[in-house]
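**Student:**
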Amino acid sequence: MPDPFGIPASRASLARLSMRFDQFAGRMENRLIRAVPRATMEVPTQEPIVSFTFDDVPDSALDVGAAILEANGTRGTFYISGGLEGQVEPGRTLIDRAGCRELAARGHEIGCHSFGHHDIRQVDGPALAEDLARNAAYLDAIDPRPAPRNFAYPYNSGSFGKRGLLARAFRSCRAGGEGINRGPTDPTFLRAVEIRQPQQHVLGLVRWIDALVTDPGWLIFFTHDVSPRPTPHGCTAPSFHLLVGYAVARGCRILTVDAALDHMGLRRTGPGQTNPGEQRR
Numbered sequence: 001m002p003d004p005f006g007i008p009a010s011r012a013s014l015a016r017l018s019m020r021f022d023q024f025a026g027r028m029e030n031r032l033i034r035a036v037p038r039a040t041m042e043v044p045t046q047e048p049i050v051s052f053t054f055d056d057v058p059d060s061a062l063d064v065g066a067a068i069l070e071a072n073g074t075r076g077t078f079y080i081s082g083g084l085e086g087q088v089e090p091g092r093t094l095i096d097r098a099g100c101r102e103l104a105a106r107g108h109e110i111g112c113h114s115f116g117h118h119d120i121r122q123v124d125g126p127a128l129a130e131d132l133a134r135n136a137a138y139l140d141a142i143d144p145r146p147a148p149r150n151f152a153y154p155y156n157s158g159s160f161g162k163r164g165l166l167a168r169a170f171r172s173c174r175a176g177g178e179g180i181n182r183g184p185t186d187p188t189f190l191r192a193v194e195i196r197q198p199q200q201h202v203l204g205l206v207r208w209i210d211a212l213v214t215d216p217g218w219l220i221f222f223t224h225d226v227s228p229r230p231t232p233h234g235c236t237a238p239s240f241h242l243l244v245g246y247a248v249a250r251g252c253r254i255l256t257v258d259a260a261l262d263h264m265g266l267r268r269t270g271p272g273q274t275n276p277g278e279q280r281r
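Counted from 1, the sequence shown has number 118 at position 118 by full-length UniProt numbering; the numbering is strictly sequential.
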């Protein structure tokens, strides 16, 4: 029976309002990070560079997405959250340690997506540092690596106050932002374009590749699952194959995030060290 005073409805309305306010605050913080970069590196504009990346990494990203990249002679970057290992969700199952090892053995890059996959704005500094250390231990047990990894923000949500922590821990940090990285670029908040549903959106993404060829820079794509019935944040195999093949056909250099940074001269051998080509502000 409906509450005569409408209290449940009021609580629901407050919850929706709170969620919308938080989303708005997140967008504003992302804009602030873009407007006031912590540091910049110079992304060359002489050739078109493309990176294909996956977040969370459902099993279809391993079974289908990685195979499509390999068939085109390329490799991708897969951002792993150790706390999501083997998790079964509606429409997808996330890979386990064996899947991560297989990706690394096949030449793909393993990146960090935090351990708990929380919006980092909602986690205090010490808790975030502990979470990142936990994921580093998880990933190092699978794919040992002395140099810093690359990171992708859960939910593409940045934190102005935690940029220093992330810059010390990672070589780069990828967000969203729907754009191409060109010229002076903040490596702690790289732009990326999402490959997601609906299908018409996916098919229209070739325009980003055309724009990259016309005005070179570094275009990073990201997605999640690659399946016949993708989640809202995934795509079908033919669609992904189309994008990868189109980038190859247009003469783009396709590299993992780590290889792209190497190619652009952004190198770091240990946490906290300065990168050639990076300028602090």
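Ideal placement from N, C-alpha and C gives every residue a C-beta, glycine not left out.
1. For residue 156, tell me which candidate among 86, 222, 11, 94 has the shortest Cα-Cα distance.
2. Of the residues 139, 49, 41, which one's Cα is nearest the Cα of residue 253?
3. For residue 292, collect the residues of the same chain with a Cβ closer than 7 angstroms to its Cβ; drop the 5 residues on either side in sequence, then sort them by chain order.
4. Return the bridge partner residues of residue 58 from the DSSP annotation.
5. On the three-state DSSP scale, how would you describe residue 184?
6. Strictly by DSSP, which residues pair up with residue 193?
7. Kindly indicate which three-state DSSP category residue 107 falls into: helix, strand or coil?
8. Rounded to whole angstroms, what's the CA-CA distance from residue 58 to residue 64? Just pull it up for me.
9. Let me confirm a value: residue 201 is counted as buried when at least 16 other C-beta atoms fall within 10 Å, else exposed. Which label applies?
10. In angstroms, rounded to a whole number, what distance separates the CA positions of residue 158 and residue 245?
11. According to DSSP, what are the bridge partners of residue 253?
12. Among the candidates 169, 198, 255, whose CA atom is the shortest distance from the CA of residue 230?
13. Look at residue 131 and residue 154 and say whether their C-beta atoms are less than 8 angstroms apart.
14. Assign residue 216 to buried or exposed, taking buried as 16 or more other Cβ atoms, counted over all protein chains shown, within 10 Å of its Cβ.
15. Looking at residue 53 and residue 191, is the spacing between their C-beta atoms short of 8 angstroms?
16. Using only alpha-carbon positions, find the residue among 237, 115, 103 that is nearest to residue 87.
17. On the criterion of 16 or more Cβ atoms from any shown chain inside 10 Å, does residue 168 qualify as buried, or is it exposed?
18. Leaving out the 5 sequence neighbours to the left and right, which residues in its chain are closer than 8 angstroms to residue 108 when beta-carbon positions are compared?
19. Across which residues does DSSP place residue 172 in a beta bridge pair?
20. Using only the alpha-carbon positions, how far apart do residue 90 and residue 161 sit?
21. Give the DSSP-derived three-state secondary structure of residue 179 in the structure shown.
22. I'd like to confirm the pairing. Which residues does DSSP put opposite residue 77 in its beta bridges?
23. What residue range does the beta strand (DSSP E) around residue 40 cover?
24. Quick check: the Cα distance between residue 144 and residue 42, rounded to an integer number of angstroms?
25. Give the secondary structure of residue 123 by DSSP, where H, G and I count as helix, E and B as strand, and everything else as coil.
26. What does DSSP give as the partner residues of residue 89 in its beta bridges?
27. Let me know if residue 194 comes out buried or exposed under the rule of 16 or more other beta-carbons within 10 Å of its beta-carbon.
28. What's the C-alpha gap between residue 137 and residue 181?
29. Who pairs with residue 235 in a beta bridge, going by DSSP?
**Tutor:** Taking the structure as given:
1. In the sequence shown, residue 156 corresponds to position 156, counting from 1. Considering only 86, 222, 11, 94, the residue with the shortest C-alpha distance to residue 156 is 222.
2. Your numbering for residue 253 matches position 253 in the sequence shown. Minimum Cα-Cα distance from residue 253 among the listed residues 139, 49, 41 corresponds to 49.
3. Examination of residue 292 is not possible in this model, given that the chain is present from 1 through 281 alone.
4. Position 58 of the sequence shown, counting from 1, holds the residue named residue 58. Its beta-bridge partners are 94.
5. Translated into positions along the sequence shown, residue 184 becomes position 184. Correct three-state label for residue 184: strand.
6. Your numbering for residue 193 matches position 193 in the sequence shown. DSSP lists 221 as partners of residue 193.
7. For the purposes of this step, residue 107 is identified with residue 107 of the sequence shown, where counting begins at 1. It is coil, neither helix nor strand.
8. For the purposes of this step, residue 58 is taken as residue 58 along the sequence shown, with counting starting at 1. For the purposes of this step, residue 64 is taken as residue 64 along the sequence shown, with counting starting at 1. One C-alpha to the other measures close to 10 angstroms.
9. Taking the sequence shown and counting its residues from 1, the one referred to as residue 201 is at position 201. By the neighbour-count rule (16 or more Cβ atoms within 10 Å), residue 201 is not buried but exposed.
10. Numbered from its first residue, the sequence shown carries residue 158 at position 158. Numbered from its first residue, the sequence shown carries residue 245 at position 245. So the alpha carbons of these two residues sit roughly 31 angstroms apart.
11. Within the sequence shown, numbered from 1, the residue matching residue 253 stands at position 253. DSSP lists 49 as the bridge partner or partners of residue 253.
12. Position 230 of the sequence shown holds residue 230. Cα-wise, what sits closest to residue 230 is 198.
13. Taking the sequence shown and counting its residues from 1, one reaches residue 131 at position 131. Taking the sequence shown and counting its residues from 1, one reaches residue 154 at position 154. Their beta carbons are not under 8 angstroms apart, which means residue 131 does not touch residue 154 by this criterion.
14. Residue mapping note: residue 216 aligns to position 216 of the sequence shown, counting from 1. With 16 or more Cβ atoms within 10 Å of its Cβ, residue 216 is classed as buried.
15. The sequence position of residue 191 within the sequence shown is 191, counting from 1. The sequence position of residue 53 within the sequence shown is 53, counting from 1. Between residue 191 and residue 53, the CB-CB gap reaches or exceeds 8 angstroms.
16. As a position in the sequence shown, residue 87 is number 87, starting the count at 1. Nearest option by C-alpha distance: 115.
17. Along the sequence shown, read from residue 1 onward, the residue named residue 168 stands at position 168. Exposed, since its Cβ has fewer than 16 Cβ neighbours within 10 Å.
18. Within the sequence shown, numbered from 1, the residue matching residue 108 stands at position 108. Excluding positions up to five away in sequence, the list reads 66, 69, 75, 76, 77, 78, 256.
19. On the sequence shown, residue 172 is found 172 positions in, with the first residue counted as 1. 150.
20. Position 90 of the sequence shown, counted from the start, is the residue given in the question as residue 90. Position 161 of the sequence shown, counted from the start, is the residue given in the question as residue 161. So the two alpha carbons sit approximately 34 angstroms from each other.
21. In the sequence shown, counting from the first residue as 1, residue 179 sits at position 179. Look at residue 179 here: in three-state DSSP terms it is coil, with no helix or strand label.
22. Position 77 of the sequence shown, counted from the first residue, corresponds to residue 77. DSSP, once it has assigned bridges, lists 53, 109 as partnering residue 77.
23. What you label residue 40 is simply residue 40 of the sequence shown in a count that begins at 1. Counted as a single uninterrupted DSSP element, the beta strand (DSSP E) harbouring residue 40 occupies residues 39 to 43.
24. Indexing the sequence shown from 1 puts residue 144 at position 144. Indexing the sequence shown from 1 puts residue 42 at position 42. If you take the alpha carbons of residue 144 and residue 42, they lie about 29 angstroms apart.
25. In the sequence shown, residue 123 corresponds to position 123, counting from 1. Coil, per DSSP.
26. Start at 1 with the first residue of the sequence shown, and residue 89 comes out as number 89. Answer is 92.
27. For this step, residue 194 is matched to residue 194 along the sequence shown. Around the Cβ of residue 194, a 10 Å sphere holds 16 or more other Cβ atoms; the residue is buried.
28. One-based indexing of the sequence shown puts residue 137 at position 137. One-based indexing of the sequence shown puts residue 181 at position 181. If I take the Cα positions, the gap works out to 30 angstroms.
29. As a working mapping, residue 235 is identified with position 235 in the sequence shown. Paired residue(s): 226.
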